[in-house]
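This report concerns only the one structure given below.
Number of protein chains: 2
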Amino acid sequence: MTEITKESIIKQLKERGLKVTPQRLAIIEVLIEHRQLHPGARFVYEEAKKKKRGLSLSTVYATLGELSRHGIIKTLQFDQIENRYEGNLEQHINLICEKCKKILDYKVPNAVDQRRVAKKTGFSITDTRLEYYGYCRECLGEEGSKGGE
Amino acid sequence: MTEITKESIIKQLKERGLKVTPQRLAIIEVLIEHRQLHPGARFVYEEAKKKKRGLSLSTVYATLGELSRHGIIKTLQFDQIENRYEGNLEQHINLICEKCKKILDYKVPNAVDQRRVAKKTGFSITDTRLEYYGYCRECLGEEGSKGGE
DNA sequence: AGTCAATTAGGAACCATTCCGCATTACCAT
DNA sequence: ATGGTAATGCGGAATGGTTCCTAATTGACT
């Protein structure tokens, strides 16, 4: 049920009293069509603009923020590269390629036990972020050396 | 061997042909004295300036970047809060309090097997980032509700 | 159709971080 | 100690993703 579909998102929007606008539909479609990309705001903007003329970047940010705030999608925040958005809300590890910036999902077989963390440290977990950085298969194959640039 | 000490850092600087300047010493001292804080650049700047008058923010950024680039410390990159720096290079999970922004280290008992990830996905891991967000014991205790803001 | 609050567009503002050119300095060999 | 030299430091401007602001528009519901 954590899989992202256009219908499920629309349903969730309505359930929460949020309006379903053409702008939002365009943005949602882009998110779904490029779910494997984990696209950033700029990318979503450029693509969604093709579907809905006059769309503004502010709207994209507002919408992505709204979806994220309601737990419909998840915002992956970065510093050096722009934030990315994903619809896969299951616990998993994001494999982030340093070269092509692609982000792959890796389903965690047996994750770290969050309950144990809470018990041992008194820390109450509300969200997790598990990321591995490195080089994806494609980028490794393209060139012999991967350390370069 | 991953523990951060002033001497070890100086040693590493010299080994790599980097100069040991008063500015850098001041910055390193701050990093060590506040290692549990996982301080940000601004904090380091404010504190280090007390030790070395005239220190500029650019220098702090440059030094932290240099230390990080050489693997002497690790940069924790964020978007909404400023980047933070830590000397603990062992694999661990950072517990980040949403309220006070404190960052605690949690030694991982049995981490996710990186080798398995590599084998299954062909992804070559160079760095990891494991973070749990939530509320630390202190912030949980201060108030009954933790969701508000 | 009418009402109202949510949403949108556009641009200014924000702010951590980086970049730039020049002055200063740590370090090594003499 | 001294001098040469490349690294480093400084200060301020620039960068760029994201947020904020306000007026105008538009869905959703009656």
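Going down the list, the sequences are from chains A and B. So our numbering is basically just the index in the first sequence, starting at one, shifted up by 289. So our numbering is basically just the index in the second sequence, starting at one, shifted up by 289. A virtual CB, placed ideally from N, CA and C, is assigned to each residue, including glycine.
Length-filtered (3 minimum) beta strand (DSSP E) runs lying within the region 378 to 424 of chain B:
381 to 386, 392 to 396 and 413 to 424
Taking Cβ positions only, does Gly-360 of chain A come closer than 8 Å to chain B?
no
Quick one: what does DSSP say Lys-341 of chain B is sitting in, helix, strand or coil?
coil
I believe Leu-376 of chain B touches Ile-316 of chain B by the beta-carbon criterion, under 8 Å. Please report the beta-carbon distance rounded to the nearest angstrom.
Per the sequence shown, the amino acid found at residue 376 of chain B is Gly instead of Leu. Incorrect: roughly 12 Å between the Cβ atoms, too far for contact.
Taking only the alpha-carbon atoms, compute the straight-line gap between Ala-337 of chain A and Leu-307 of chain A and give it to the nearest angstrom.
19 Å
Express the C-alpha separation of Lys-303 of chain A and Ile-298 of chain B in angstroms, rounding to a whole number.
56 Å
In its own chain, which residues sit with a C-beta less than 6 Å from the C-beta of Gln-312 of chain B, not counting the 5 before and 5 after it?
Lys-341, Leu-344 and Thr-348
Under DSSP, the beta strand (DSSP E) around Lys-363 of chain A begins and ends at which residues?
363 to 365
On a Cα-Cα basis, can you pick out the residue from A:Leu-356, A:Cys-389, A:Glu-427 and A:Val-319 that is closest to Tyr-334 of chain A?
A:Val-319
Based on Cα-Cα distance, which residue from B:Ala-407, B:Glu-355 and B:Gln-366 lies nearest to Cys-425 of chain A?
B:Ala-407
Indicate the three-state DSSP secondary structure (helix, strand or coil) for Gly-329 of chain B in the structure shown.
strand
Give the C-beta separation of Arg-373 of chain B and His-327 of chain B to the nearest angstrom, bearing in mind that I take them to be a contact with Cβ-Cβ under 8 Å.
4 Å
Beta-carbon proximity list for Met-290 of chain B, same chain, < 7 Å, skipping 5 on both sides
Confidence is the limiting factor: at Met-290 of chain B the pLDDT is only 49, short of 50, which leaves the residue's position unreliable and the question unanswerable from this model.
Out of curiosity, what's the CA-to-CA distance linking Ile-414 of chain A and Lys-390 of chain B?
14 Å
Could you check whether Gln-366 of chain A and Gln-369 of chain B sit closer than 8 Å to each other, using their CB atoms as the reference points?
yes
Taking buried to mean at least 16 other C-beta atoms within 10 Å of its own C-beta, is Gly-278 of chain B buried or exposed?
With chain B running from 290 to 438 in the structure shown, residue 278 of chain B is simply not present.
Which of helix, strand or coil does DSSP assign to Glu-371 of chain A?
coil
Please tell me whether Tyr-395 of chain B and Thr-410 of chain A are closer than 8 Å, where the distance is taken between their beta carbons.
yes
Determine, using beta carbons only, whether Asn-377 of chain B comes closer than 8 Å to chain A.
no
Contact set between Ile-392 of chain A and chain B, taken where Cβ atoms lie within less than 7 Å
By Cβ distance, chain B contributes nothing, its closest Cβ being about 11 Å from Ile-392 of chain A, past 7 Å.
For Leu-353 of chain B, count neighbouring Cβ atoms within 10 angstroms of its own Cβ and tell me buried if that reaches 16, exposed if not.
buried
If the cut-off is 8 Å on Cβ atoms, which residues from the region 410 to 426 of chain B count as contacting chain A, listed in chain order?
Thr-410, Gly-411, Phe-412, Ser-413, Ile-414, Thr-415, Asp-416, Thr-417, Arg-418, Leu-419, Glu-420, Tyr-421, Tyr-422, Gly-423, Tyr-424, Cys-425 and Arg-426
In chain B, which residues lie with their C-beta within 9 Å of the C-beta of Glu-387 of chain A?
Thr-415 and Asp-416
Around the C-beta of Leu-419 of chain A, are 16 or more other C-beta atoms found within 10 angstroms, so that it is buried, or is it exposed?
buried
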